[in-house]
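Numbering (our numbering), first residue to last: 169 to 431.
Backbone N, C-alpha and C define an ideal beta-carbon position, used for all residues, glycine too.
Predicted model, so just to flag it, every value in this text is computed and none were measured.
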Ligand SMILES: Cc1cc2nc3c(=O)[nH]c(=O)nc-3n(C[C@H](O)[C@H](O)[C@H](O)COP(=O)(O)OP(=O)(O)OC[C@H]3O[C@@H](n4cnc5c(N)ncnc54)[C@H](O)[C@@H]3O)c2cc1C
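The structure is reproduced here in structure tokens:
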């Protein structure tokens, strides 16, 4: 089985601030990690690789040159190879332009059986890129996969989806795309052999020369959506000040508790 896992490098902090002028994240100086849900997607891929002899797991990331570290980390955990999609032209991409660009990279890898994503990125948080890429590639997609195994016969997958109400069991033909939730499994540590191989691995960088994108569809220029404002909801205070004599305050307190159905 030829498996691709899309991994995004995200800030390893809840202290990331927003640039009020551009509504983008201030990433400078913040340590970066593989998006946690992408680690779960990678673990799903590695389990399928273990189950189906001859399988390969290619990780693909779009980002600045330092995103290479995320790919190397994925290789150290057992991925077969990786590609970094990088170039100034891709900067400022929204989910549409990100999906278009990553889909070009996946197509360049040749026919694939399965494309895996995390359920969402912990910085952008839109959960749009996986289904968007599936659309670009013409693949069926299941979201929120929490368990994945090869169906008898080997041409389909049995997938359990986590929903708000419970679980759904699905069967989906290959080739297909899945977005994966945390419950799918914690990413393995990686063997000494894969760690050594990751250190030495050559990671190709694909830019506009390799992907030959339509220049109107990439980066900020090719992004039909903009974040126009980022704000936190106003904090609603439930505090009530009780004034007057103690008996009056007690009466008022009982009234408030009754109105809120607390007594
Ligand atoms: C505060 C904020 C709000 C934003 N809101 C929007 C918005 O509403 N609409 C919009 O179009 N853009 C938005 N963006 C931009 C968004 O961060 C980028 O488009 C980003 O590249 C992809 O979106 P995401 O992070 O939401 O990914 P998601 O769609 O949440 O990611 C899902 C999965 O797709 C894969 N993936 C995503 N990005 C990459 C990548 N670069 N390389 C490899 N795999 C990847 C991973 O497997 C990931 O788990 C926002 C950015 C910020 C900072």
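Apart from sequence neighbours up to five positions away, the residues of its chain that approach residue 352 with a beta-carbon distance below 8 Å are 208, 209, 211, 212, 313, 314, 315 and 316, ordered along the chain. Nearest to residue 258 by alpha-carbon distance, out of 248, 247 and 270, is 270. Nearest to residue 224 by alpha-carbon distance, out of 281, 273, 292 and 334, is 281. A Cβ-Cβ distance of about 6 Å is found for the pair residue 204 and residue 290, placing them in contact under the 8 Å criterion. The C-alpha of residue 197 is placed about 38 Å away from the C-alpha of residue 306.
Taking the C-beta atoms as reference points, residue 298 is found nearer than 7 Å to residue 347.
Straight through space, the alpha carbons of residue 273 and residue 247 are spaced by roughly 17 Å. Around the beta carbon of residue 176, 16 or more other beta carbons lie within 10 angstroms, which makes this residue buried. Comparing C-alpha distances from residue 378 to each of 251, 169, 189 and 217 shows the shortest one belongs to 251. Assignment of residue 398 by DSSP, reduced to helix, strand and coil, places it in the coil class.
The stretch 358-371 and the stretch 233-240 touch, with no fewer than 3 CB-CB distances between them shorter than 8 Å. Taking the CA atoms as reference points, residue 245 sits about 8 Å from residue 355. Sequence-distant partners of residue 385 (beyond 5 residues in either direction) whose C-beta falls short of 7 Å from its own C-beta, in its chain, are 265 and 268. With respect to the C-alpha of residue 288, the residue from 219, 393, 350 and 424 having the closest C-alpha is 350. Scanning its chain for C-beta atoms nearer than 7 Å, with the 5 sequence neighbours on each side dropped, one finds around residue 178 the residues 200, 201, 203, 289, 290 and 291, in chain order. In terms of side-chain proximity, the C-beta atom of residue 203 is found nearer than 6 Å to a non-hydrogen atom of ligand 1. For residue 261, the number of other beta carbons within 10 angstroms of its own is at least 16, and it is reported as buried.
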